[in-house]
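One structure is given below, encoded as structure tokens.
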Amino acid sequence: MIKKIVLPWTFCCTLLFTFPHLLSAETVEYDLTIAREKVNFTGEVRPAITINGGIPGPVIEFTEGDDAVLRVRNELDVPTSIHWHGLLVPPGMDGVPFVSFPPIEPGTTFTYRFPIRQSGTYWYHSHSGLQEQKGLYGAIVIHPRKALHRVDRDVPVVLSDWSDESTHEIARTLRRGSEYYSIKKGSAISLLEGAKYGLLGDYFQRELVRMPEMDISDVYYDRF
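Residue numbers (our numbering): 395 to 618.
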């Protein structure tokens, strides 16, 4: 009789110590709708991909130990996905199409479920085609279980850029390896400029490299 009582009790204690979030876990739910919309960041109307009607998408907030439930609705005419960048999630919830889960097909909803096992600031974005570059991204804020500092207000800041040019055309230009964007930004160094400033050696050395010298910032953006 003692064994019958002790063993289940030992199992319960082990379970709670192994998964402490079960003691105080709160389920936090979000509904995210991915759709095509027109935007105007530069004075010109351009197509974009939004989450709940905005770029970036809404800030998703949790507290360490929460259980996350995120329902993602695809209103596009092509498959989509959301990857939770930097989060420790089960493989099937990672959001990488054909690697960890099937893509979210047009007109369907996929529900992500996973425990929040960390704290900090992260971001989410599409892992389908060039959708992230057209606006499918947003911030994640995970508050620690015990606050490290007392503050009056938290303000998430998302740094991003925008180009009116088609994302597919940008990709084609980059694959050609031309200096089109460097010239457009005025950052390309010509042979005459190299001679003028006594930098011919540097100029020819860079010419031997199979990538533009400004590759660290290789796209011309219309807005930041």
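We put the CB at the ideal spot given by N, CA and C, even for glycine.
So, using beta-carbon positions, are residue i and residue j closer together than 8 angstroms?
i, j, result
"residue 462", "residue 495", "no"
"residue 458", "residue 538", "yes"
"residue 562", "residue 521", "no"
"residue 517", "residue 529", "no"
"residue 515", "residue 535", "yes"
"residue 479", "residue 519", "yes"
Is it buried or exposed, residue i, if we count other Cβ atoms within 10 angstroms and call 16 or more buried?
i, result
"residue 557", "buried"
"residue 492", "exposed"
"residue 444", "buried"
"residue 474", "buried"
"residue 412", "Low confidence applies here, because residue 412 scores a pLDDT of 42, under 50, leaving its location unreliable; read the following figure in that light. Its Cβ having fewer than 16 others within 10 Å, residue 412 is exposed."
"residue 599", "exposed"
"residue 442", "buried"
"residue 450", "buried"
"residue 596", "exposed"
"residue 489", "buried"
"residue 652", "With the chain represented from 395 up to 618, any question about residue 652 goes unanswered, as that position is not in the structure."
"residue 464", "buried"
Residue i to residue j, Cα distance in whole Å?
i, j, result
"residue 402", "residue 510", "Since pLDDT at residue 402 reaches only 48, below the 50 mark, its modelled position is unreliable, and no value is offered."
"residue 359", "residue 566", "For residue 359 there is no data in the structure shown, the boundaries of the chain being 395 and 618."
"residue 500", "residue 432", "19 angstroms"
"residue 439", "residue 548", "32 angstroms"
"residue 541", "residue 592", "56 angstroms"
Can you find the residues in the same chain that come closer than 8 angstroms, C-beta to C-beta, to residue i, ignoring five residues on each side of it along the sequence?
i, result
"residue 407", "Low per-residue confidence applies at residue 407: pLDDT is 42, beneath 50, and the placement is therefore not dependable enough to give any value."
"residue 484", "508"
"residue 545", "none"
"residue 398", "Because the pLDDT at residue 398 is just 42, under 50, the model does not fix this residue reliably, and the value given afterwards should be weighed accordingly. Within the same chain, residue 398 has no close Cβ partners at all."
Say whether chain C places a C-beta atom closer than 8 angstroms to the C-beta of residue i.
i, result
"residue 492", "Among the protein chains of the structure shown there is no chain C, as only one such chain exists."
Assuming the contact rule is C-beta atoms closer than 8 angstroms, residue i and residue j should be a hit. Round their C-beta distance to whole Å, please.
i, j, result
"residue 472", "residue 498", "That belief does not hold up - the Cβ atoms of residue 472 and residue 498 are roughly 10 angstroms apart, past 8 angstroms."
"residue 427", "residue 469", "6 angstroms"
Near residue i, what residues of its chain come up, given a Cβ to Cβ distance below 7 angstroms and the 5 sequence neighbours on each side ignored?
i, result
"residue 395", "Any reading at residue 395 must be qualified, since the residue scores a pLDDT of 44, below 50, and its modelled position is unreliable; no value is offered."
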